[in-house]
Ligand SMILES: *Cc1c(COP(=O)(O)O)cnc(C)c1O
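Numbering (this note's numbering), first residue to last: 107 to 534.
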């Protein structure tokens, strides 16, 4: 697609990154199931290894099927480049890796996916990194948490599980003033509902496992770089601005400009950490992403109907969906998620922890799984599953209190989703 006119989202989700296969003319992107690529000659090989020429060396670094997906996600997010990896958690590490050094920290929202809170609380400490958790509704507290060792700010656009909408423009402003990049996990919103780069984010991370694939078949992740951050404005990001010892002294920012982050992530991140997406996985995600806008519109339409119905039920004490007028986050939708609040929210039951366990067991159409963003409606009780390793304070801050159940509303007939909830609530 070499049209200079800017293509619309629905066109990009089908066409970006996908030219007919040069060898065969195949219209659909082939699954390049290969680990290596034959070099034309020794000079070609040397040019590839020097990053003087872009091409394929070895599938731990790049693969044409995976590259097509990366290009598509970058196009949908409005980024300069992207790198796909093996899971959403891998993407988070890949996003932090070029920015952090031992002793550095990331300022992170308290409202994050439980797995991310775990990763940031304990696991990243093994690299000498740490996280400072702050309530991102308190913009001044975010600004106050930035110190001279801060290398990134991290939040979710629509936070899992509570459906909180982050004021990305306000947080981006603080990041800019602090001279650090803002990383937004856009998994729950997807670029159809929210485009963090347009709102000032530097990097966007995804668990492609969720809505981007949309059918619950593969785990995957992606880091999209806006290409707009000036890595050389300070000495905070030596991996990108100074000679990189891990790549024969190459200065990535000077040599590669807006593609510095993406090339660093491939040439060093994937090379040495090895959290690579495989071509078969990329294929499933490419199949799913073609219908992203259609699915998301339906997820939103169904979620509003279900949330409005639930809000009226006597057993229910609260519904957190930002699409509801009663939500304190409703007002943020117009600036952050103009096409809707997604398909994910929590409800709290007057019946408490036991009521939640009963509800989850009584649902029939909903599947009880540790996943979200599937075409199917899904349910989980975070306090007894995904978030069970968190402390009571962390649970509350993350919107996963014991009396709370998370729903991921699918694209089924909304009357059937409501009927299932009705019969299950009657048993609580
Ligand atoms: C699932 C999820 C992740 C982690 O992704 P995986 O693909 O499971 O590693 C990160 N962030 C959010 C918001 C998620 O929902």
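We put the beta carbon where it would ideally sit given N, CA and C, even for glycine.
Only a predicted model underlies this, so the values are computations on that prediction, with no experimental measurement involved.
Residue i and residue j closer than 8 Å at C-beta
i: residue 557; j: residue 369; result: As displayed, the chain neither begins before 107 nor continues past 534, which places residue 557 out of reach and without an answer.
i: residue 535; j: residue 514; result: Any property of residue 535 remains undetermined from this structure, which presents the chain solely from 107 to 534.
i: residue 263; j: residue 280; result: no
i: residue 465; j: residue 531; result: yes
i: residue 491; j: residue 476; result: yes
i: residue 293; j: residue 390; result: no
i: residue 311; j: residue 336; result: no
i: residue 439; j: residue 271; result: yes
i: residue 445; j: residue 406; result: yes
i: residue 305; j: residue 332; result: no
i: residue 249; j: residue 238; result: no
i: residue 373; j: residue 182; result: no
i: residue 484; j: residue 473; result: yes
i: residue 186; j: residue 364; result: yes
i: residue 303; j: residue 184; result: yes
i: residue 214; j: residue 330; result: no
i: residue 268; j: residue 447; result: no
Own chain partners of residue i with C-beta closer than 8 Å, once the 5 adjacent residues on each side are dropped
i: residue 178; result: 118, 119, 122, 123, 124, 392 and 395
i: residue 174; result: 123, 124, 135, 388 and 392
i: residue 195; result: 221, 222, 225, 313 and 327
i: residue 115; result: 182, 297, 298 and 399
Chain-order list of residues whose beta-carbon lies under 6 Å from that of residue i (same chain, five-residue window excluded)
i: residue 503; result: 216
i: residue 283; result: none
i: residue 411; result: 520
i: residue 417; result: 425
i: residue 408; result: 515 and 520
i: residue 265; result: 217
i: residue 569; result: Outside the displayed span of the chain (107 to 534) sits residue 569, for which this structure offers no information.
i: residue 236; result: 211
i: residue 60; result: Residue 60 falls outside the range modelled here, since the chain spans only 107 to 534, and no answer is possible.
i: residue 523; result: 412 and 483
i: residue 435; result: 270, 271 and 428
i: residue 200; result: 191, 329, 371 and 375
Per-residue burial, residue i [other beta carbons within 10 Å of its own, 16 or more giving buried]
i: residue 133; result: exposed
i: residue 107; result: Confidence in residue 107 is poor, its pLDDT being 49 and thus under 50, which makes the residue's placement unreliable; the coordinate value appears in the next sentence. Exposed, by the Cβ-count rule.
i: residue 351; result: exposed
i: residue 526; result: buried
i: residue 420; result: exposed
i: residue 234; result: exposed
i: residue 528; result: exposed
i: residue 126; result: exposed
i: residue 313; result: buried
i: residue 327; result: buried
i: residue 413; result: buried
i: residue 495; result: exposed
i: residue 130; result: exposed
i: residue 148; result: exposed
i: residue 229; result: exposed
i: residue 128; result: exposed
i: residue 208; result: exposed
i: residue 197; result: buried
i: residue 355; result: exposed
i: residue 441; result: exposed
i: residue 437; result: exposed
i: residue 580; result: Here the chain comprises residues numbered 107 to 534, so residue 580 is not present and cannot be evaluated.
Same chain, Cβ closer than 7 Å to residue i, neighbours up to 5 away in sequence not counted
i: residue 258; result: 202, 205, 212, 286, 287 and 289
i: residue 172; result: 190, 383, 385 and 388
i: residue 533; result: 464 and 468
i: residue 296; result: 317, 318, 398 and 402
i: residue 247; result: 240 and 241
i: residue 358; result: 346, 350, 366, 369 and 370
i: residue 517; result: 401, 404, 405, 408 and 481
i: residue 487; result: 462, 463, 466 and 511
i: residue 339; result: 285
i: residue 493; result: 220, 501, 504 and 506
i: residue 353; result: 373 and 374
Chain B contact for residue i (CB, 8 Å cutoff)
i: residue 189; result: Of the chains in the structure shown, none is chain B; there is only one protein chain.
Closer than 7 Å: residue i CB and nearest ligand 3 heavy atom
i: residue 319; result: Ligand 3 is not among the ligands present in this structure, which contains only ligand 1.
- Message: Can you confirm whether the region 419-430 touches the region 449-456 when touching is taken to mean that 3 or more C-beta pairs between the two stretches lie within less than 8 Å?
- Response: Short answer: they touch.
- Check whether the region 480-490 touches the region 314-330, taking contact to mean three or more Cβ pairs, one atom from each stretch, closer than 8 Å. yes
- Give a yes or no on contact between the region 138-149 and the region 158-175, applying the rule of three or more CB pairs nearer than 8 Å. yes
- Message: Going residue by residue through the region 139-212, where are the continuous alpha helix (DSSP H) segments of at least 4 residues, counting only ones entirely within it?
- Response: Segments of the alpha helix (DSSP H) lying fully in the region 139-212: 148-155, 170-183 and 194-202.
- Task: Scan the region 224-283 and note each continuous alpha helix (DSSP H) run of 4 residues or more that stays entirely inside, going in chain order.
- Result: Entirely contained in the region 224-283, the alpha helix (DSSP H) runs reaching 4 residues are, in chain order, 245-251.
- Query: Which ranges would you report for the alpha helix (DSSP H) in the region 345-425 if only whole runs of at least 4 residues count?
  - Reply: 358-362, 366-370, 385-395 and 398-417
- Complete beta strand (DSSP E) runs within the region 476-533 (minimum length 3 residues, chain order): 484-486 and 510-514
- Message: Just to confirm the assignment: which complete beta strand (DSSP E) runs, minimum length 3, are found wholly within the region 441-465?
- Response: Taking only runs of at least 3 residues, the beta strand (DSSP E) segments lying wholly in the region 441-465 are 450-455.
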